[in-house]
Structures are given as C-alpha cells and as structure tokens.
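Protein chains in written order, with our numbering: chain A, 1 to 273; chain B, 1001 to 1273.
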C-alpha cells in the first residue's frame, strides 16, 4: 500500500501500543482499587489507574507526532483535529478481565480516516502478542516473530467456535438469538473481550457476537478482522462506522461470508438491547 | 519442609511441566483436528495430538526417574506403583480454550501421597507462567522471576471475583445456587479452566465453583490453592480426595474462610448435577 499517511500512522500505532504496555504492565495483578464510573452494563465497570496512565502515554505521543489528528479516548475524552484522521483509544478493553488477572483484555488503538477505521491494533501486553490490521492485511506479532494471519475458511457453524463477552448481557429476543447460535456451535467462549477478534483473525474463532459496544470498543477491531479476510458488521449487516451516531452498538464478526450469512439470518432485525 | 520425597518430586514436577510445554506449544493455534471422545459434558470434548504428545513426554520422564510411582493420566490411563505416590496428569486442561486459541488452558500435574494431593503444578505454556503448590507454600514463576503468592484476604462476596468454566453446565438447583452467587459477586468470569485456581492463589479471584470434575481436573489444584492460603473442598465442605471414589466431582475454591462459609451456605446440600 503506497499511502504514506497510512504507513506513518501504522508505525505510530505500534509505538502507541508499546507505550501503553509500559504504562499498564507494572499495574497488572497488583490489586489496585477500582471504582464504578456509572455507565456499567452489568453493574460494575471499573476504571483503573492503568487505564488513565496508558491513555495519557498514548496521547503524549500523538500530541508530539500528529498534533493535527483528532482523538477519541475511553478515559480522557475528545480532542478535535484538522487532518481528517481520528485516533480512537481504549487503553484497557476488558477491565473485568484485567481485575481478575486473566490475560484476555487488550489495548485497542484505531486510526480512522473520515470516520472509517483504516488501521487497528489489538495488543495483549501480558502475553506480548499483537494484531495489526491495515488495508494491506493483518499481521500478528510477538517478540519471537510475526506472521500474516487469515481467518478460518469453513462456512459451517457446526464447525465454528462462537464467542461473546458475557451471555448474561443479552435479554429478550437477543438472548433467544444468541441461544440459537450457541446451540449450533460446538464450542462457545466467554469473556474474551477484544482478544476474541484477534483469535478470529488468526483462524481460531469463527463468530463473535456482541452488543452494547461503544466506538472505542470496536474501531480497532474492524481493520484487524477485515485485513485477515473476515467480516465485521452490525447485527443488521451494515458497515460498522463507530464514529457515526447511527451505529447501534452491535457487532457481528465472522471468519467468512458463509458464517456471516448464517449468523445474520438469526440476528437480523434485533437491536441488541 | 525437610521431606526429601516431596523435594525430589517437586523438582521433577517442574521438569514434567517443561516437557509438556515443549510437546504442546508447536501444536497450539495450528488448527489441528479435534475429535469427540464420547464423554463430553456439553457435547464436545476434543482430544488433540498435543494432549497425547505431552502426556507421553511426561510419562517417559516418570518411567525414568520414579518407576516405583503410580500414574493416572487423562489420555493414557492408569499405571500401578509401589511407593504410595501417584502422579495425576492432565496434559491440557481446557481443550475448548486450547482449540479457540485462548491462553486460559493449562497443564496440570499432581503428586498424591496415599491419595492426598501434596504437590500441584498449573502451567500455562503460551504465557509461560506457572503455579507450584507444595506443603511449603505456592510459588508463581515466569521466565522473568518467581514469587510466593497469597490469596485475597477480603471475606465479603460483594468484593470478590467469581469464576466458573461454563454457566450452562449447571442445571436445576445448582443453576439457582450459582445464579445466587453470581448476583452477589461484582464480577464473574467464565472459561478459565485451571487458570482460575492459579489466579485465586495469586489473590485476583475470590471464588471458583465447578462441578462434573474428574480426578485429573482437580488433583493439582488442591496444593496450589492450599499453599497460597485458600480452601478447596467439595460443595458439601469435604476435603477433595480426587482418587477416592466417594468424591462427587464438585469443587469450591475460596480465597479465605469467610468466602468459603458464604459460598458453602449456598451450595451445601447440592450434588452439582
């Protein structure tokens, strides 16, 4: 991809992820206090010192390197820009996992051009693994090396692994729809947060179904899933434009078109609430 | 602890875990085929090449170093011994997690003396972290170093994280009891398999509630939890003796006596089926 704007920001996204790791890791499994910030979905949405430290570190880098870009951050709010690019930052996606000490949370970094997610990074600092999605593909990397990843090819839900964050987040028709998918998939996994989308990109997971997402939860996932050959839409099959007020907070990620059609038939028409 | 029998086997357990790692890691996230072996709880209990390779590697070491010890293995069955010691091996606890590519499965190694679990190892090869429980305490280790761990001290379930493998494994009165605990704990985590007990030992998780366990699923967990100051009993509060035919397959791990009493009041009298 000969697009210097994209190349510059892809390299920068990697540096942001490095900075977030350095801020977060000393605070993982240290029993730091958590407090409710009042917008919890299941009664508890903790914000940690690590969250704030990581976002501050990333914003410092952005202010120095691309001061003309806008920023939307999970913890520290909006900053306007003039370049048409918006960085969307979620320093710790999966704060419940973080507090439980499990290695299934992640740092999410996206760069959107005119509202469309173009570059996405999912980073898991404790394991040290990272997925970087760009128009040129999705790369998985760890200290030991890197490789281009592709999603699972099988289009039959009977051979696909299903994931969602919490089965008790669904209610009413959404709960029935999820139950329907769960009964058809041989394995269902919970509580993986953003890691589920990385594992979908790597060909391990076939479907991820979630609702109630915010822009910072999803922007980075889109380039990672698309770059690996997967699809990520709303439950009604529309392109996920996380900065667009019309996006309804639902996400359906599928490894391939066959799985996407199957899941869409079950979920289409549901609002996810 | 001046017990050469224990010291020898503690060192050996670490070597077994190293051997299992070497056998398993090349096969993780490689899309190897899985087949049902027919004793599945939720319809799918895959056995992988990695399982068999790891157990074979561990048995080879045991045959060389302690041929007088008995072995009970998840994949390759029983072998009698004459020393009073029995090794209990589960090369991959959490095969569903393994297939999904998540880093929440583990290698379980226990050494029981006259049926009582004395040494336990929980190893997570992909992350490279390990919990080793002995009568002298529980040590967490990674390449970067090691430390003695202690469980969480707070006895209030309102400040404790709850974990179980799959909320849909419970039915009837067990489901109601679990629901009761889930409604009181601020965070519930699923699908962690043995990692939940390691995280309980490390002070992150407060309660783990499971049923339908087999001896190989639980033997290693007992020394890890006890060594860190926690409790691990059946749902009726009895000592877990995994090799004893009277054990009912239930497990309640608690970070401290306060949490144990609270959970026991809810679960006591239930069979877990």
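The beta carbon of each residue, even a glycine, is placed where N, CA and C say it ideally should be.
Closest to residue 70 (chain A) by C-alpha separation, out of A:103, A:81, A:200, would be which residue?
The shortest C-alpha separation from residue 70 (chain A) is found at A:81.
State yes or no: is the C-beta of residue 1118 (chain B) within less than 8 Å of the C-beta of residue 1132 (chain B)?
No, the pair does not count as a contact, with Cβ atoms beyond the cut-off.
Give the DSSP-derived three-state secondary structure of residue 1144 (chain B) in the structure shown.
Residue 1144 (chain B): coil per DSSP, three-state reduction.
So what's residue 70 (chain A) in DSSP terms, helix, strand or just coil?
In the structure shown, the three-state DSSP call for residue 70 (chain A) is strand.
What are the residues of the segment 100-120 of chain A that lie near chain B, defined by any Cβ-Cβ distance shorter than 8 Å?
Answer in chain order: 100, 101, 102, 103, 104.
Going by the CB atoms, is the gap between residue 127 (chain A) and residue 1127 (chain B) shorter than 8 Å?
Yes, these two residues count as a Cβ contact at 8 Å.
Do residue 205 (chain A) and residue 213 (chain A) have their CB atoms nearer than 8 Å?
Taking 8 Å as the cut-off, the Cβ atoms of residue 205 (chain A) and residue 213 (chain A) do not count as close.
Out of A:233, A:245, A:144, state which residue places its alpha-carbon closest to the alpha-carbon of residue 264 (chain A).
Looking from the CA of residue 264 (chain A), the closest CA among A:233, A:245, A:144 belongs to A:233.
The ligand FMN and residue 150 (chain A): does any heavy atom of the ligand fall closer than 7 Å to the residue's C-beta?
No copy of the ligand FMN appears in this structure; indeed no ligand is present at all.
Identity of the residues DSSP links to residue 1062 (chain B) by a beta bridge
The bridge partners DSSP lists for residue 1062 (chain B) come to none.
Are the beta-carbon atoms of residue 1163 (chain B) and residue 1181 (chain B) separated by less than 8 Å?
No, Cβ-Cβ distance for residue 1163 (chain B) and residue 1181 (chain B) is not below 8 Å.
Check whether the Cβ atoms of residue 12 (chain A) and residue 66 (chain A) lie closer than 8 Å to each other.
Yes, they are a contact pair.
Can you tell me where the alpha helix (DSSP H) with residue 24 (chain A) in it begins and where it stops?
Per DSSP, residue 24 (chain A) belongs to the alpha helix (DSSP H) from 4-24.
Using a Cβ-Cβ cut-off of less than 9 Å, list which residues of the segment 1227-1247 of chain B approach chain A; keep chain order.
Answer in chain order: no residues at all.
Give me, in chain order, the residues of the same chain whose beta-carbon lies closer than 7 Å to that of residue 1318 (chain B); leave out the 5 immediate sequence neighbours on both sides.
No answer is possible for residue 1318 (chain B): it lies beyond the span of chain B, which begins at 1001 and ends at 1273.
Give the residues of chain A in contact with residue 1204 (chain B), contact being defined as C-beta atoms less than 9 Å apart.
Contact note: residue 1204 (chain B) reaches chain A through 29, 31, 99, 100, 101, 102, using a C-beta cutoff of 9 Å and chain order.
Where residue 1156 (chain B) falls, given that 16 or more other Cβ within 10 Å makes a residue buried:
When all chains shown are included, residue 1156 (chain B) counts as exposed.
Residues near residue 1153 (chain B) in its chain [Cβ-Cβ closer than 7 Å; skip 5 each side]
The beta carbon of residue 1153 (chain B) sits closer than 7 Å to those of 1256, all from its chain and outside the five residues before and after it, given in chain order.
So, residue 211 (chain A) versus residue 262 (chain A), is the Cβ gap smaller than 8 Å?
In terms of Cβ geometry, residue 211 (chain A) and residue 262 (chain A) do not form a close pair [threshold 8 Å].
Note down the Cα distance separating residue 161 (chain A) from residue 185 (chain A), rounded to an integer number of angstroms.
Pairing residue 161 (chain A) with residue 185 (chain A), the inter-Cα distance amounts to about 6 Å.
Using a 10 Å radius around the Cβ and a threshold of 16 neighbouring Cβ atoms, would you call residue 1035 (chain B) buried or exposed?
The predicted model places residue 1035 (chain B) with a pLDDT of 42, which falls under 50 and marks its position as unreliable, so this point remains unresolved.
Give me the chain B residues within the contact set of residue 150 (chain A), using Cβ-Cβ distance strictly less than 9 Å, ordered along the chain.
Within chain B, no residue comes near residue 150 (chain A); the closest Cβ sits about 11 Å away, beyond 9 Å.
By a C-beta neighbour count over all protein chains shown, 10 Å radius and 16 as the cutoff for buried, is residue 1260 (chain B) buried or exposed?
The residue in question, residue 1260 (chain B), is buried, as its Cβ has 16 or more Cβ neighbours within 10 Å.
Beta-carbon proximity list for residue 1073 (chain B), same chain, < 6 Å, skipping 5 on both sides
Result list for residue 1073 (chain B): 1055, 1089, in chain order.
Range of the contiguous alpha helix (DSSP H) that encloses residue 1285 (chain B)
The structure shown does not extend to residue 1285 (chain B), since chain B is modelled only from 1001 through 1273, so no value can be given for it.
I need the DSSP call for residue 117 (chain A), collapsed to helix, strand or coil.
In the three-state DSSP reduction, residue 117 (chain A) falls in the strand class (E or B).
Just checking: is the beta-carbon of residue 45 (chain A) within a distance shorter than 8 Å of some beta-carbon in chain B?
In this prediction, residue 45 (chain A) has a pLDDT of 41, which is less than 50 and means its spatial position is unreliable; nothing more can be read from the coordinates.
Which partner residues does residue 194 (chain A) have in the DSSP bridge list?
Residue pairing by DSSP places residue 194 (chain A) opposite no residue, since no beta bridge is assigned to it.
Any C-beta of chain B within less than 9 Å: which residues of the segment 141-170 of chain A qualify?
Listed in sequence order: 152, 161, 163, 166, 167, 168.
Neighbourhood of residue 178 (chain A) by C-beta, 8 Å cutoff - its chain only, sequence neighbours within 5 removed
The residues are 164, 167, 170, 209.
Under 9 Å by beta carbon: chain B residues contacting residue 21 (chain A)
Those do not exist, as residue 21 (chain A) stays about 14 Å from chain B at its closest Cβ, beyond 9 Å.
Could one say the Cβ of residue 96 (chain A) lies closer than 8 Å to chain B's Cβ atoms, at least one of them?
It does; some Cβ of chain B falls within 8 Å.
Quick one: what's residue 78 (chain A) bridged to in DSSP?
For residue 78 (chain A), which the question treats as bridged, DSSP gives the partners A:72.
Per DSSP, which residues does residue 1254 (chain B) bridge with? Please list them.
BP columns for residue 1254 (chain B) point to B:1207, B:1231.
For residue 2 (chain A), is the classification buried or exposed, using 16 other Cβ atoms within 10 angstroms of its Cβ as the cut-off for buried?
Residue 2 (chain A) should be labelled exposed.
Can you tell me whether residue 1138 (chain B) is buried or exposed, with buried defined as 16 or more other CB within 10 angstroms of its CB?
Flag for residue 1138 (chain B) reads buried.
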